[in-house]
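Chemist: I'd like to ask you about the structure that follows.
There are 2 protein chains.
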Amino acid sequence: MAVANDIYKKMTGPGASVIRKMFEEGAQLKKVYGEDKVFDFSIGNPDLEPVQAVEQAVLEVANDRTKGRHGYMPNAGYTEVRQAMAEKTNFEQNLSGKPGTGLGEALTAKHIVMACGAAGALNSVFKAILNTGDEVLVPVPYFVEYGHYVSNHGGKLRTLTATEDLSIDITAVKKSLNERTAAIIINSPNNPSGKIYTKENMSDLVKVLNEHGKTTGRYPYIILDEPYRAICYNGKNPVSMFPLYSESIVVTSFAKNLSLPGERLGYIAVNPACKDVDVLVNACIFSTRILGYVNAPAMFQKVAAKCWNCDVDYSSYINRMKEITRAVSSAGIEFIEPEGTFYLFCKVPSNKKGDKDDFAFCNHLKKYNILVAPGTGFGCPGYFRIAYCVSEKTIRNSAGAFKKAVEDWI
Amino acid sequence: MAVANDIYKKMTGPGASVIRKMFEEGAQLKKVYGEDKVFDFSIGNPDLEPVQAVEQAVLEVANDRTKGRHGYMPNAGYTEVRQAMAEKTNFEQNLSGKPGTGLGEALTAKHIVMACGAAGALNSVFKAILNTGDEVLVPVPYFVEYGHYVSNHGGKLRTLTATEDLSIDITAVKKSLNERTAAIIINSPNNPSGKIYTKENMSDLVKVLNEHGKTTGRYPYIILDEPYRAICYNGKNPVSMFPLYSESIVVTSFAKNLSLPGERLGYIAVNPACKDVDVLVNACIFSTRILGYVNAPAMFQKVAAKCWNCDVDYSSYINRMKEITRAVSSAGIEFIEPEGTFYLFCKVPSNKKGDKDDFAFCNHLKKYNILVAPGTGFGCPGYFRIAYCVSEKTIRNSAGAFKKAVEDWI
Numbered sequence: 082m083a084v085a086n087d088i089y090k091k092m093t094g095p096g097a098s099v100i101r102k103m104f105e106e107g108a109q110l111k112k113v114y115g116e117d118k119v120f121d122f123s124i125g126n127p128d129l130e131p132v133q134a135v136e137q138a139v140l141e142v143a144n145d146r147t148k149g150r151h152g153y154m155p156n157a158g159y160t161e162v163r164q165a166m167a168e169k170t171n172f173e174q175n176l177s178g179k180p181g182t183g184l185g186e187a188l189t190a191k192h193i194v195m196a197c198g199a200a201g202a203l204n205s206v207f208k209a210i211l212n213t214g215d216e217v218l219v220p221v222p223y224f225v226e227y228g229h230y231v232s233n234h235g236g237k238l239r240t241l242t243a244t245e246d247l248s249i250d251i252t253a254v255k256k257s258l259n260e261r262t263a264a265i266i267i268n269s270p271n272n273p274s275g276k277i278y279t280k281e282n283m284s285d286l287v288k289v290l291n292e293h294g295k296t297t298g299r300y301p302y303i304i305l306d307e308p309y310r311a312i313c314y315n316g317k318n319p320v321s322m323f324p325l326y327s328e329s330i331v332v333t334s335f336a337k338n339l340s341l342p343g344e345r346l347g348y349i350a351v352n353p354a355c356k357d358v359d360v361l362v363n364a365c366i367f368s369t370r371i372l373g374y375v376n377a378p379a380m381f382q383k384v385a386a387k388c389w390n391c392d393v394d395y396s397s398y399i400n401r402m403k404e405i406t407r408a409v410s411s412a413g414i415e416f417i418e419p420e421g422t423f424y425l426f427c428k429v430p431s432n433k434k435g436d437k438d439d440f441a442f443c444n445h446l447k448k449y450n451i452l453v454a455p456g457t458g459f460g461c462p463g464y465f466r467i468a469y470c471v472s473e474k475t476i477r478n479s480a481g482a483f484k485k486a487v488e489d490w491i
Numbered sequence: 082m083a084v085a086n087d088i089y090k091k092m093t094g095p096g097a098s099v100i101r102k103m104f105e106e107g108a109q110l111k112k113v114y115g116e117d118k119v120f121d122f123s124i125g126n127p128d129l130e131p132v133q134a135v136e137q138a139v140l141e142v143a144n145d146r147t148k149g150r151h152g153y154m155p156n157a158g159y160t161e162v163r164q165a166m167a168e169k170t171n172f173e174q175n176l177s178g179k180p181g182t183g184l185g186e187a188l189t190a191k192h193i194v195m196a197c198g199a200a201g202a203l204n205s206v207f208k209a210i211l212n213t214g215d216e217v218l219v220p221v222p223y224f225v226e227y228g229h230y231v232s233n234h235g236g237k238l239r240t241l242t243a244t245e246d247l248s249i250d251i252t253a254v255k256k257s258l259n260e261r262t263a264a265i266i267i268n269s270p271n272n273p274s275g276k277i278y279t280k281e282n283m284s285d286l287v288k289v290l291n292e293h294g295k296t297t298g299r300y301p302y303i304i305l306d307e308p309y310r311a312i313c314y315n316g317k318n319p320v321s322m323f324p325l326y327s328e329s330i331v332v333t334s335f336a337k338n339l340s341l342p343g344e345r346l347g348y349i350a351v352n353p354a355c356k357d358v359d360v361l362v363n364a365c366i367f368s369t370r371i372l373g374y375v376n377a378p379a380m381f382q383k384v385a386a387k388c389w390n391c392d393v394d395y396s397s398y399i400n401r402m403k404e405i406t407r408a409v410s411s412a413g414i415e416f417i418e419p420e421g422t423f424y425l426f427c428k429v430p431s432n433k434k435g436d437k438d439d440f441a442f443c444n445h446l447k448k449y450n451i452l453v454a455p456g457t458g459f460g461c462p463g464y465f466r467i468a469y470c471v472s473e474k475t476i477r478n479s480a481g482a483f484k485k486a487v488e489d490w491i
């Protein structure tokens with residue numbers, strides 16, 4: 082075998098990314114049928130261009146002539162950039178406490194590690210915290226790549242069934258906790274469901290983790306994967322967890338909120354109230370170095386520091402959301418009402434044979450030039466995900482195709 | 082323990098990067114004593130600024146307004162960028178053969194995977210090829226991070242003693258080869274010695290690997306880590322290995338030749354003559370995705386495609402090399418004559434007690450504001466490395482400090 086057995090199995094087996102395959106197939110289909118004839122809802126690649134403030138920041142940084150600006154910096158990133166990300170986190174997590182005040186303590190630059198996107202951030206965190214055989218919990222539905230990120234570093238992802246409304250099932254958490262539980266991933270708003278977990282649900286989670294910690298001495302980390310935090314509807318926001326639970330870590334990026342997914346910029350923010358905060362931060366820095374990220378890309382670190390708090394108008398995502406829910410509704414497809422992100426999680430309509438197979442349905446949709454991701458990839462067979470970060474025109478034009486496809490299916 | 086045991090051990094034990102620590106200490110010392118009073122030879126952070134053509138490319142890309150330019154692209158990178166890197170590799174590896182011609186076949190875009198620097202490239206390759214317990218050989222002296230890159234993915238780094246002139250000891254290779262040997266890393270010109278391995282030495286290596294392959298059925302990969310390929314002196318060049326051995330892979334970056342280490346851009350180039358070339362390339366792409374790199378940073382991919390073949394004048398490194406060899410010679414320090422890179426590998430002068438301890442000597446040098454890296458980190462106790470990618474003035478001013486330090490040591 083020319084490659085590692087495990088990798089070969091994963092790349093050819095069901096672990097292969099159907100989403101990525103669709104994304105690449107979509108590009109091919111567009112060449113054949115034309116851009117406007119293909120309804121590519123496969124991937125979360127924001128179609129909004131970066132706003133003017135971002136472009137301005139890119140130009141300023143490109144015109145900078147400071148010596149060493151493309152060179153190495155400390156592995157954790159530029160101090161001034163880390164400082165900006167600390168401010169951002171304090172705002173989002175609602176923190177203002179002075180050093181040593183415990184829960185509620187505000188972050189400074191030293192609590193931030195700049196990362197190669199949220200995916201890089203997650204890998205650095207898992208490398209930093211996982212002993213071989215440790216378990217990481219994640220409620221379904223969840224971003225399929227988590228499984229790889231955890232197993233890369235010797236861990237095991239354990240999925241948790243959700244309640245009917247896709248809240249976190251606290252009983253399921255309780256049952257799954259054991260002495261090997263290193264962390265639980267909370268992705269709110271959630272990819273693929275667009276769900277924002279409620280304050281009550283989150284408080285119940287904290288209670289259970291604290292009880293477990295008191296009994297076993299091991300407090301699992303809550304890893305808050307928050308790349309969609311800024312993209313929420315109707316004034317809702319994900320819960321600020323740092324004031325509620327000390328052993329918490331934010332991983333996030335500028336991929337979705339600033340439309341910069343290809344530039345690979347994100348960061349890790351560690352709760353200053355964390356018991357071993359310095360050791361944990363240093364382990365994240367060390368992992369970032371030895372995993373070969375070395376440091377987050379220099380230029381876009383500076384871009385982010387300049388424009389992280391710029392105004393971005395996400396109303397077009399709301400418009401798209403309305404358009405897509407209209408389109409699938411009129412085709413008779415049921416879905417979870419999204420509270421944020423740019424994803425719609427839908428139920429596969431059952432046909433005469435009672436077939437609700439999501440792979441079969443996604444393949445069926447492909448015949449109508451509709452590309453969507455099967456729910457199995459998110460731990461939810463019988464569902465499929467629509468990434469509606471595409472033009473409103475594409476969405477409107479897809480309505481007929483959805484209708485026809487469902488009629489031919491049921 | 083807040084973090085993984087293995088990581089804690091590595092980050093606090095001898096595996097901690099002395100070089101990085103020095104680099105960060107150097108920044109502190111400069112604040113205290115002034116930039117020109119600290120002789121910081123700790124890290125390979127090129128002091129030459131990127132040439133005009135690179136700056137021009139950065140500006141062009143920053144001014145580009147093509148839709149989706151900061152978005153996701155296929156995980157392997159932009160096709161046109163991969164095409165440019167294929168051309169670069171064909172030039173460097175002296176390849177022009179048509180598809181299917183075996184050894185000597187030229188690369189096309191499909192043989193390239195864009196990566197987050199050479200460090201990212203190496204991690205992707207090791208993730209792609211290593212089964213747990215597999216071994217990777219490396220001749221000393223070697224870049225200390227290789228050990229982490231290999232063990233990250235379940236492998237074990239086996240170091241090979243070198244001959245007196247730091248050539249590859251073919252007998253040592255022969256002795257170390259076994260059924261678990263997945264690869265050998267060749268870094269030419271070499272960090273830290275500046276050595277370029279000869280054609281004869283490389284041909285002998287190929288012979289031994291071929292013999293081993295014939296006997297065991299497993300042909301170890303030669304992984305050519307070539308970030309310093311462009312920085313060679315006296316018209317010398319590292320051997321083009323692709324025409325000599327099919328199971329070979331180049332990993333490299335634009336960190337050193339274009340002075341862009343902080344931007345994290347590199348690539349993997351797979352020999353088209355490789356037995357399972359498509360599987361290997363796909364495994365590298367898959368690994369790049371699941372390790373969280375996802376793709377190499379978008380903007381700098383395009384920068385590299387625009388200016389990879391621009392003219393860069395490395396003569397100042399030659400001048401620096403002459404200055405530094407003069408400085409250490411007159412202090413009575415012996416060294417390996419560098420044929421490329423910007424490193425000088427020196428012997429620790431033995432003192433009255435016969436003490437040749439490199440850690441002790443490097444700590445001693447620190448008292449004279451000289452920062453260098455101990456040879457133990459490169460697998461060579463009794464040596465130390467000078468990274469002379471600093472201003473000629475710094476080098477000239479260090480001469481007195483070196484002299485005084487050695488006088489006080491011996």
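So the sequence lines, in the order shown, correspond to chains A and B. Count along the first sequence from 1, add 81, and you get the number used in this note's numbering. Count along the second sequence from 1, add 81, and you get the number used in this note's numbering. Don't be surprised by glycine CBs; every beta carbon is placed ideally from N, CA and C.
Give every residue of the same chain whose Cβ lies closer than 6 Å to the Cβ of B:VAL221, excluding the five residues on either side of it in the sequence, and list them in chain order.
Modeler: Around B:VAL221: THR240, ALA243, GLY460, CYS461.
Chemist: Quick one: which unbroken beta strand (DSSP E) runs of 3-plus residues sit fully inside the region 191-251 of chain A? Chain order, please.
Modeler: Here the runs fully enclosed are 193-196, 216-220, 237-241.
Chemist: So does B:ALA196 have its beta carbon nearer than 8 Å to some heavy atom of the ligand NAP?
Modeler: Among the ligands in the structure shown, none appear at all, so the ligand NAP cannot be discussed.
Chemist: What is the DSSP secondary structure of B:GLY115, counted as helix, strand or coil?
Modeler: In the structure shown, B:GLY115 sits in coil (DSSP, three-state: anything other than H, G, I, E or B).
Chemist: Compute the distance between the beta-carbons of B:ALA377 and A:ARG466, then report whether it is under 9 Å.
Modeler: The answer is no: Cβ separation not under 9 Å.
Chemist: From this set, A:TYR230, A:LYS484, A:ASN450, which residue's C-alpha is nearest A:LEU110's C-alpha?
Modeler: Closest option to A:LEU110, Cα to Cα, is A:ASN450.
Chemist: Please say whether B:ALA253 and B:ILE304 have beta carbons closer to each other than 9 Å?
Modeler: No, the pair does not count as a contact, with Cβ atoms beyond the cut-off.
Chemist: If you measure from the beta carbon of A:ARG150 to each beta carbon in chain B, is any gap under 9 Å?
Modeler: Yes, A:ARG150 lies at the interface with chain B (some Cβ there is under 9 Å from its Cβ).
Chemist: My output table needs one value for A:ALA385: the three-state DSSP class, helix, strand or coil.
Modeler: A:ALA385: helix per DSSP, three-state reduction.
Chemist: Taking the alpha helix (DSSP H) that B:SER368 falls in, what are its first and last residues?
Modeler: First-last of the alpha helix (DSSP H) with B:SER368: 358-371.
Chemist: Assuming contact is defined by CB atoms lying nearer than 9 Å, are B:SER194 and B:VAL362 in contact in what I supplied?
Modeler: Here the sequence assigns Val to residue 194 of chain B, which means Ser is not the residue at that position. Yes; because the gap between Cβ atoms is below 9 Å, this pair is in contact.
Chemist: Nearest chain B C-beta to A:PHE104 closer than 9 Å, yes or no?
Modeler: Yes, contact with chain B.
Chemist: Check the Cβ of A:GLU226 against every Cβ in chain B and list those closer than 7 Å, keeping chain order.
Modeler: By Cβ distance, chain B contributes ILE371.
Chemist: Would you decide whether B:PHE275 is buried or exposed? Buried here means 16 or more other CB atoms lie within 10 Å of its CB.
Modeler: In the sequence as displayed, the identity of residue 275 of chain B is Gly instead of Phe. With 16 or more other Cβ atoms within 10 Å, it is buried.
Chemist: Which residues does DSSP list as the beta-bridge partners of B:LYS428?
Modeler: The partner list for B:LYS428 (beta bridge, DSSP) reads B:TYR464.
Chemist: Is any beta-carbon of chain B found at less than 9 Å from that of A:GLY343?
Modeler: Yes, its Cβ sits closer than 9 Å to a Cβ of chain B.
Chemist: Going along the region 377-390 of chain A in order, which residues come within less than 9 Å of chain B, judged by CB to CB distance?
Modeler: Answer in chain order: ALA377, PRO378, ALA379, MET380, PHE381, GLN382.
Chemist: Which residues of chain B have a Cβ atom closer than 9 Å to the Cβ of A:GLY201, listed in chain order?
Modeler: Chain B residues near A:GLY201: CYS197, LEU372, GLY373, TYR374, VAL375.
Chemist: Ordered along the chain, which non-local residues of its own chain (more than five positions away) have a Cβ less than 8 Å from that of A:PRO270?
Modeler: LYS276, ILE277, TYR309, ARG310, ILE312, CYS313, PRO319, PRO419, GLU420, GLY421, THR422, listed in sequence order.
Chemist: Return no unless some Cβ of chain B is closer than 9 Å to the Cβ of A:LYS208.
Modeler: At least one chain B Cβ lies under 9 Å of A:LYS208.
Chemist: Of all Cβ atoms in chain A, is any one closer than 9 Å to the Cβ of B:ALA311?
Modeler: B:ALA311 does not count as touching chain A.
Chemist: Check A:ALA442 in the structure and name its three-state DSSP category.
Modeler: The question names Ala, yet the displayed sequence has Phe at residue 442 of chain A. The answer is helix: DSSP assigns A:PHE442 an H, G or I state.
Chemist: Count Cβ pairs between the region 324-337 of chain A and the region 345-359 of chain A that sit closer than 8 Å; are there 3 or more?
Modeler: At 8 Å Cβ cutoff, the stretches touch.
Chemist: Pick out whichever of A:TYR223, A:VAL132, A:ALA200, A:ARG299 has its Cα sitting closest to the Cα of A:ASN233.
Modeler: Looking at the Cα atoms, A:ALA200 is the closest of the given residues.
Chemist: Going straight from the alpha carbon of A:PHE440 to that of A:GLU226, what length do you get?
Modeler: A:PHE440 and A:GLU226: Cα-Cα distance of roughly 18 Å.
Chemist: To the nearest angstrom, how far is it from the Cα of A:ARG401 to the Cα of A:ALA386?
Modeler: Approximately 29 Å, taken between the alpha carbons.
Chemist: Provide the residue span of the alpha helix (DSSP H) that contains B:VAL162, from first to last.
Modeler: Its alpha helix (DSSP H) spans residues 160-174.
Chemist: Using the rule of at least 16 other Cβ atoms within 10 Å of the residue's Cβ for burial, across every protein chain shown, is B:ILE491 buried or exposed?
Modeler: Exposed.
Chemist: Determine whether the Cβ of A:ILE417 lies closer than 9 Å to any Cβ atom of chain B.
Modeler: False, the Cβ-Cβ gap to chain B never drops below 9 Å.
Chemist: Hey, could you find the ends of the beta strand (DSSP E) B:ILE349 is sitting in?
Modeler: Segment 347-351, the beta strand (DSSP E) holding B:ILE349.
Chemist: Check each candidate in A:LEU258, A:ASP285, A:LYS280 and name the one with the smallest Cα separation from A:GLY298.
Modeler: The candidate whose alpha carbon is nearest that of A:GLY298 is A:LEU258.
Chemist: Give me the chain B residues within the contact set of A:ASN86, using Cβ-Cβ distance strictly less than 7 Å, ordered along the chain.
Modeler: Chain B residues near A:ASN86: ASN212.
Chemist: I'd like the list of long-range same chain contacts for B:THR189, defined as Cβ closer than 6 Å, with 5 residues on each side in sequence excluded.
Modeler: The residues are ALA167.
Chemist: Following the continuous beta strand (DSSP E) through B:VAL332, name the residue where it begins and the one where it ends.
Modeler: It spans 329-334 - the beta strand (DSSP E) in which B:VAL332 sits, taken as one unbroken run.
Chemist: Let me know the secondary structure DSSP gives A:ALA482 once reduced to three states.
Modeler: If DSSP states are grouped into helix, strand and coil, A:ALA482 belongs with the helices.
Chemist: Would B:LYS356 pass as an interface residue toward chain A - the criterion being a Cβ-Cβ separation below 9 Å?
Modeler: Yes, because at least one Cβ of chain A sits closer than 9 Å to the Cβ of B:LYS356.
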